[in-house]
Amino acid sequence: MTDADDHRRPDDVPSRRVSVGVLADPGLPAILADRLRDVLPERLRAEVDDGVAWHVDTMHEPFEAMYPDYNPLVEKAREHVRDTGWDLVVCITDQPMPDGASVVIADLHAADRVAVISLPALGGWHLRRRLSTAVVAIVGYLAAPPGSAALAELRRELSSRTIRVEEPGSPHVHIARRRGVPHLLAGMVRVNRPWQLLRGLSTALAGALTGIAFGVLYSTIWTLADSLSPVRLAGVTTAAVATMTVWIIVSHELWERSHGGHDPDVRLRNASTVITIAAGSAAFFVAMFAVALAAVALVVPPSYLATTLGHPVGVTDYVVIALMASVLGAIAGAVGSGLEDDITVREATYGYRARERREVVLKADKDVAPPRR
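Residue 1275 in the working numbering sits at position 343 of the sequence shown, with consecutive numbering throughout.
What follows is the structure, encoded as structure tokens:
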């Protein structure tokens, strides 16, 4: 035994051990959960109870049972508390949790030591920090002994000008629908990770490069670009991005139709799909513009361009020609995107994942339904 052991106070030894399970949807929730696993024990010691030995474990499991409500998910989390060594479970899902007049961020069940956090309800910015703050506060509430001031502490940690913590039996954290829907929509787009769409458009890229090459090498395109006013050029650019967005949505059947009123948030999912695809198309256009600008600068000498256009040229002329070549590339890329594997493109949208969950649940219900006599 060392001197340090001889002089160690009893207070330095954790009085108990708490095992926290984090059950996360695949995708962004799983990525953030894995990052939390490394930092959460230290934060819990510093902000909740330094007399507890905190152990955090993560599991990736899709929450198919989220459709049409999230109550089955709570039962799923209860089973993990019963069947594993976890003392409490925090579920992180990429599904929104509608609640009439509000957008639910988290639903807590202290008696079962279970909480469900809706990742998109946290918004589209500073997602990792917001999730970490929410998880620490919620774990502190669930781990607190009965009769403590845990609910007051939870309100202190999470309540703000827009966020409220209420207790209609079991506490839930929510935002009023008027302010919460734009917040939720931004979060849904963030969960979709629009930049993932770029990796799934390899065929579109091949078509886009063909269009860019045509714009870079043909002097007629240079003359046309030089004759356009800035307003008209901006309009043509916007139209090209919009065309690619609409083409991808239509060709891959990403637009959802309402199913007899059973899914009131279909408009929200469609809005998130449009914004996601538009953001991905805009990023695709920016990438094409960078390629086109490098190509026209490399291939077309200033003296030859000045002779063709009939006036001295500068950087602006090269930018204008690259923009026009990118417009042609966007149109060609839109056609090429229709040849992509549907799954590759659809996985970048929220509606596809929700539809997959719905089909899994409906199939499971059909399998367990008693046969007709």
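Where a beta carbon is used, it is the ideal one built from N, C-alpha and C, also for glycine.
Worksheet item: Can the beta-carbon of Trp1018 be found less than 7 Å from the beta-carbon of Ser951?
Response: yes
Worksheet item: What did DSSP end up calling Thr1065 once you bin it into helix, strand or coil?
Response: Assigned with DSSP and collapsed to three states, Thr1065 falls in helix.
Worksheet item: Cβ of Ala1257 within 7 Å of Cβ of Ile1144?
Response: yes
Worksheet item: Looking at the structure shown, is Leu976 part of a helix, part of a strand, or coil, going by DSSP?
Response: Helix.
Practice prompt. For Ser1151, I'd like the list of residues in its chain whose CB is within less than 7 Å of its CB, leaving aside the five on either flank, ordered along the chain.
Written response: Thr1240
Worksheet item: Closest by CA to Thr1175, which one among Asp1039, Ala1264, Leu1225?
Response: Ala1264
Worksheet item: Counting Cβ pairs closer than 8 Å, one from the stretch 1123 to 1132 and one from the stretch 1208 to 1219, do we hit at least three?
Response: The stretch 1123 to 1132 makes contact with the stretch 1208 to 1219: 3 or more CB pairs, one atom from each, lie closer than 8 Å.
Worksheet entry | Rounded Cβ spacing between Val1035 and Arg1109 (contact assumed at less than 8 Å) | 6 Å
Worksheet item: First and last residue of the alpha helix (DSSP H) that includes Trp1154?
Response: 1151 to 1159
Worksheet item: Would the stretch 1196 to 1205 and the stretch 1221 to 1239 be scored as touching if the rule is three or more Cβ pairs under 8 Å?
Response: no
Item to complete: Would you kindly work out how many angstroms separate the C-alpha atoms of Leu1054 and Leu964, rounded to a whole number?
Response: 13 Å
Worksheet item: Once you ignore the five residues that flank His939 on each side, which residues in its own chain have a CB closer than 6 Å to its CB?
Response: Residue placement at His939 is poorly supported in this model, since its pLDDT is 44, which falls under 50; the coordinates are not used for a value here.
Discussion item. Within 10 Å of its beta-carbon, does Tyr1236 have 16 or more other beta-carbons around it, so buried, or fewer, so exposed?
Written reply: exposed
Fill in: Close beta carbons around Leu1130, own chain, < 8 Å, minus the five adjacent residues each side
Once the five neighbours on either side are set aside, the close Cβ partners of Leu1130 are Gly1212, Ala1215, Phe1216, Ala1219.
Item to complete: Give the straight-line distance between the Cα atoms of Leu1225 and Arg1045, rounded to the nearest whole angstrom.
Response: 57 Å
Worksheet entry | Outcome for Glu1188 when other beta-carbon atoms lying within 10 angstroms are tallied against a minimum of 16 | buried
Worksheet entry | Neighbourhood of Thr1169 by C-beta distance below 7 Å, restricted to the same chain and skipping five residues each side | Leu1255, Val1259
Practice prompt. Reducing DSSP to helix, strand and coil, say where Asp982 ends up.
Written response: coil
Discussion item. At a cut-off of 6 Å, would you count Ala1254 as near the ligand MG, judging by its Cβ distance to the nearest heavy atom?
Written reply: With respect to the ligand MG, the structure shown offers nothing to examine, as it has no ligands at all.
Discussion item. For a cutoff of 7 Å on Cβ pairs, would you count Trp1018 as touching chain C?
Written reply: No chain C is present in this structure, which holds just one protein chain.
Fill in: Alpha carbon of Asp957 to alpha carbon of Ala1222, nearest angstrom
35 Å
Worksheet item: Which whole-angstrom value describes the C-beta separation of Val1097 and Arg1087, a residue pair presumed to lie in contact below a C-beta threshold of 8 Å?
Response: 5 Å
Fill in: Expected contact under 8 Å - CB spacing of Val1068 and Val1022 to nearest Å
Actually they are not in contact, since the Cβ atoms of Val1068 and Val1022 sit about 10 Å apart, beyond 8 Å.
Worksheet item: Per DSSP, Pro1030 is paired with what?
Response: Val1035
Fill in: 7 Å Cβ cutoff met for Met1120 and Pro1052
Yes, they are a contact pair.
Practice prompt. Would you decide whether Val1247 is buried or exposed? Buried here means 16 or more other CB atoms lie within 10 Å of its CB.
Written response: exposed
Worksheet entry | Spatial distance of Asp970 from Leu1059 (CA atoms) | 17 Å
Worksheet item: Apart from the five residues on each side of it in sequence, which residues of its chain come closer than 6 Å, Cβ to Cβ, to His1091?
Response: For the sequence presented, residue 1091 should be read as Ser rather than His. Once the five neighbours on either side are set aside, the close Cβ partners of Ser1091 are Val1097.
Item to complete: Ignore the nearest five residues each way along the sequence and tell me which others in Ala1203's own chain have a CB closer than 7 Å to its CB.
Response: Leu1117
Practice prompt. Measure how close the beta-carbons of His992 and Ala962 come, nearest whole angstrom, since I'm counting them as under 8 Å.
Written response: Contact flag correct, Cβ pair sits at about 4 Å.
Discussion item. Assuming Leu976 and Leu1020 are in contact, meaning their beta carbons sit under 8 Å apart, how far apart are those beta carbons, in whole angstroms?
Written reply: Rounded, the Cβ-Cβ distance is 11 Å, inconsistent with contact.
Practice prompt. State buried or exposed for Trp1057, treating a residue as buried only when at least 16 other CB atoms are found within 10 Å of its CB.
Written response: exposed
Item to complete: List the whole-angstrom C-beta distance separating Val1228 from Leu1165, where the pair is believed to meet the contact cut-off of C-beta under 8 Å.
Response: Between Val1228 and Leu1165, the beta carbon gap of about 15 Å keeps them out of contact (Cβ cut-off 8 Å).
Item to complete: Can you tell me which of Ala1266, Pro1030, Asp1158, Val1182 puts its alpha carbon nearest to the alpha carbon of Ala1171?
Response: Selected option, being the one with the closest Cα: Ala1266.
Discussion item. Short of 7 Å in beta carbon distance, which residues of its chain neighbour Thr1016, apart from the five on each side in sequence? Order them along the chain.
Written reply: Gly953
Fill in: Element boundaries [beta strand (DSSP E), containing Ser951]
Taken as a continuous stretch (DSSP letters only), the beta strand (DSSP E) holding Ser951 covers 948 to 956.
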